[in-house]
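First residue of the sequence shown: 298, per our numbering; consecutive thereafter.
Note that beta-carbon positions come from the ideal geometry of N, C-alpha and C, so glycine has one too.
Here the structure is a predicted model, which means the values were calculated and not measured.
Let me begin by presenting the structure, written as structure tokens, before commenting on it.
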Amino acid sequence: GEEEGQIKGEEKELIHNIFELDDTSASEIMTPRADMFVVDANEPLELPEIFKSGFTRIPVIDGDIDHIIGILNIKDLLRHSSAGGPPADVRKIMREPYFVPEHKKLNNLLKGFKKRKQHMAIVVDEHGGVSGLITLEDALEEIVGEIIDETDMFEPPIVRVSANEWRVMGKTEIEEVNDALSMKIPDTGEYDTFSGYILNLIGRIPREGEQIAIGAFTVVVKEREGNRIVEYLVRGMDPSAAPESTTAPA
Numbered sequence: 298g299e300e301e302g303q304i305k306g307e308e309k310e311l312i313h314n315i316f317e318l319d320d321t322s323a324s325e326i327m328t329p330r331a332d333m334f335v336v337d338a339n340e341p342l343e344l345p346e347i348f349k350s351g352f353t354r355i356p357v358i359d360g361d362i363d364h365i366i367g368i369l370n371i372k373d374l375l376r377h378s379s380a381g382g383p384p385a386d387v388r389k390i391m392r393e394p395y396f397v398p399e400h401k402k403l404n405n406l407l408k409g410f411k412k413r414k415q416h417m418a419i420v421v422d423e424h425g426g427v428s429g430l431i432t433l434e435d436a437l438e439e440i441v442g443e444i445i446d447e448t449d450m451f452e453p454p455i456v457r458v459s460a461n462e463w464r465v466m467g468k469t470e471i472e473e474v475n476d477a478l479s480m481k482i483p484d485t486g487e488y489d490t491f492s493g494y495i496l497n498l499i500g501r502i503p504r505e506g507e508q509i510a511i512g513a514f515t516v517v518v519k520e521r522e523g524n525r526i527v528e529y530l531v532r533g534m535d536p537s538a539a540p541e542s543t544t545a546p547a
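Right, dumping it as structure tokens:
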């Protein structure tokens, strides 16, 4: 009886989630641009970096992230790269990108994925600037919940490692960081994640190992993959010792 009740509960949630697709926009569940892993068509492909990223499909940019010209499928890259030889020319093997507006509803997005046989869409704002990306897996997870695959990391976004140190994943939402660390990061609407905040604050992608003083905290870049910061170490310190010049606005 208990098992039957659980199944009915899961079915009810599934049906509810399907109806919710009409109300959920691409911008609500996309990976924001600050967290996107991309390759530049004008630079040599860094194969170790690409394979380390764990992504199957990677946007290809032409100079900057607002000029996405294709999608690189790792399978195509492997097929066209000879062992020991130079990597394939990304412009010759990339696929056409699928662009969708921020307000695109998930039910229509799923139809678009199916019709175009696409697994990734680039989300753009009203001015044509890139807001982020969304995958078929992201959309399906809204219906059935988290899809666990072999590349998913079973790591919480914030882990306390000592009395005044926390490990913070780059894609952690600002609200979570403020709740766990009391950092009081302002909600300006210009960023959604901790990485987005750091990039907005210093105006560039920080180096691996770089330390950034923010009020009573020191943020250390622990792991960087391409232009994406995967993980930070955040240390609390005496507020009186924080350099005023690098203090984040309250």
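Item, Value
"Test item: CB-CB of R464 and E528 under 9 Å", "yes"
"Enclosing beta strand (DSSP E) for G429 [first to last residue]", "427 to 432"
"Buried versus exposed call for G512 [16 or more other C-beta atoms within 10 Å across all chains shown]", "buried"
"Meets three-Cβ-pair contact criterion under 8 Å: the stretch 404 to 413 and the stretch 334 to 345", "no"
"Span of the beta strand (DSSP E) around N405", "From DSSP, N405 is part of no beta strand (DSSP E) but of the alpha helix (DSSP H) over 403 to 413."
"Buried/exposed call for D361, threshold 16 Cβ in 10 Å", "exposed"
"L369 versus S350: straight-line alpha-carbon distance, rounded", "13 Å"
"Three CB pairs or more closer than 8 Å across the stretch 487 to 500 and the stretch 457 to 475", "yes"
"Residue from I482, T485, D319, F514 with nearest C-alpha to L407", "D319"
"Supposed close pair P495, I526 - CB separation, criterion 8 Å", "The residue you asked about is not Pro; residue 495 is Ile in the sequence shown. Between I526 and I495 the Cβ distance is about 7 Å, and since that is below 8 Å, they are a contact."
"Any alpha helix (DSSP H) of 4 or more consecutive residues that is wholly inside the stretch 315 to 391", "323 to 326, 344 to 350, 371 to 377, 387 to 390"
"Test item: CB-CB of R532 and P503 under 9 Å", "no"
"Cβ-based neighbour list, T485, same chain, cut-off 7 Å, excluding 5 preceding and 5 following", "none"
"Neighbourhood of N555 by C-beta, 6 Å cutoff - its chain only, sequence neighbours within 5 removed", "The structure shown does not extend to residue 555, since the chain is modelled only from 298 through 547, so no value can be given for it."
"Residue span of the alpha helix (DSSP H) that contains A477, given as start and end", "471 to 478"
"Separation of Y395 from N405, as counted between CA atoms", "13 Å"
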